[in-house]
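Just so we're aligned, residue 19 is where the sequence shown starts under this note's numbering, counting upward by one. Even glycine gets a Cβ: it sits at the ideal position worked out from N, Cα and C. Small disclaimer: the values here were computed from a predicted structure and weren't measured.
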Amino acid sequence: MFKESLIPSNEQRGLSPQEKILRIKQEADETLKEFQKKDSSEIKAEELYTAISKIDSLRYVAENSGDENLPEYLDKKIKELRKHKTSGIKDKLYSMGTFQVPKKPYGKRKIGTHN
Numbered sequence: 019m020f021k022e023s024l025i026p027s028n029e030q031r032g033l034s035p036q037e038k039i040l041r042i043k044q045e046a047d048e049t050l051k052e053f054q055k056k057d058s059s060e061i062k063a064e065e066l067y068t069a070i071s072k073i074d075s076l077r078y079v080a081e082n083s084g085d086e087n088l089p090e091y092l093d094k095k096i097k098e099l100r101k102h103k104t105s106g107i108k109d110k111l112y113s114m115g116t117f118q119v120p121k122k123p124y125g126k127r128k129i130g131t132h133n
């Protein structure tokens, strides 16, 4: 669902860097507003998890955008989303830390090479 926004469409490729930064901020604000409208009992853990993942993926795009303030801005949005209390999601989020990439199960050896 959120990976679609990472792949630039034909219209996004022609945008200037300022327009891209503005679009990333708008998308993060819209995601946050969806959860601020809801009551805390209505929020499902999966929805919150996907929203945080979406903003985190936007943060990855923002790091390459050239604006130094944008990743910090998106970090604040993630912190605001994490304030929502839902059952089961806190353990999952804290166990992940800062959304670390899982380690390769193969270790250091390369598969398919003759060494």
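(request) Count the C-beta pairs between the region 48-55 and the region 85-94 that are closer than 8 Å, then say yes if the count reaches three, no if not. (result) Result no; under three Cβ-Cβ pairs closer than 8 Å.
(message) Below 8 Å on the Cβ atoms is my contact criterion, and I expect S39 with S75 to pass it. Report the Cβ-Cβ distance as a whole number of Å.
(response) Working through the sequence shown from its first residue, we reach residue 39 at position 21. Working through the sequence shown from its first residue, we reach residue 75 at position 57. Note that residue 39 is Ile in the sequence shown, not Ser. With 8 Å as the limit, I39 and S75 do not qualify as a contact, their Cβ atoms being about 16 Å apart.
(request) Alpha carbon to alpha carbon, how far is L66 from S105? Give it in angstroms, no decimals. (result) Here residue 105 is taken as the residue at index 87 of the sequence shown, counted from 1. Here residue 66 is taken as the residue at index 48 of the sequence shown, counted from 1. No answer about S105 holds up, because its pLDDT of 49 lies below 50 and its placement is not dependable.
(request) Leaving out five residues on either side along the sequence, give the residues of the same chain with a beta carbon under 7 Å from the beta carbon of I96. (result) Numbered from its first residue, the sequence shown carries residue 96 at position 78. Excluding sequence neighbours, I96 sits near I70, I73 and D74.
(request) Taking K97 as part of the alpha helix (DSSP H), name the residues at either end of that continuous run. (result) Numbered from its first residue, the sequence shown carries residue 97 at position 79. N87 to R100 is the extent of the alpha helix (DSSP H) around K97.
(request) Using only the heavy atoms of the ligand HEM, determine whether one of them is closer than 6 Å to the beta carbon of A80. (result) In terms of ligand content, the structure shown is empty, and the ligand HEM therefore cannot be addressed.
(message) Which of the three DSSP states is assigned to S75 in this structure?
(response) The sequence position of residue 75 within the sequence shown is 57, counting from 1. S75 carries a helical assignment under DSSP once its states are collapsed to helix, strand and coil.
(message) By the DSSP assignment, the alpha helix (DSSP H) with K38 in it spans what residues?
(response) Counting from one through the sequence shown, the residue named residue 38 turns up at place 20. Unbroken alpha helix (DSSP H) run through K38: P35 to K55.
(message) In whole angstroms, give me the CA-to-CA distance for D93 and P35.
(response) On the sequence shown, residue 93 is found 75 positions in, with the first residue counted as 1. On the sequence shown, residue 35 is found 17 positions in, with the first residue counted as 1. Cα to Cα, D93 sits roughly 20 Å from P35.
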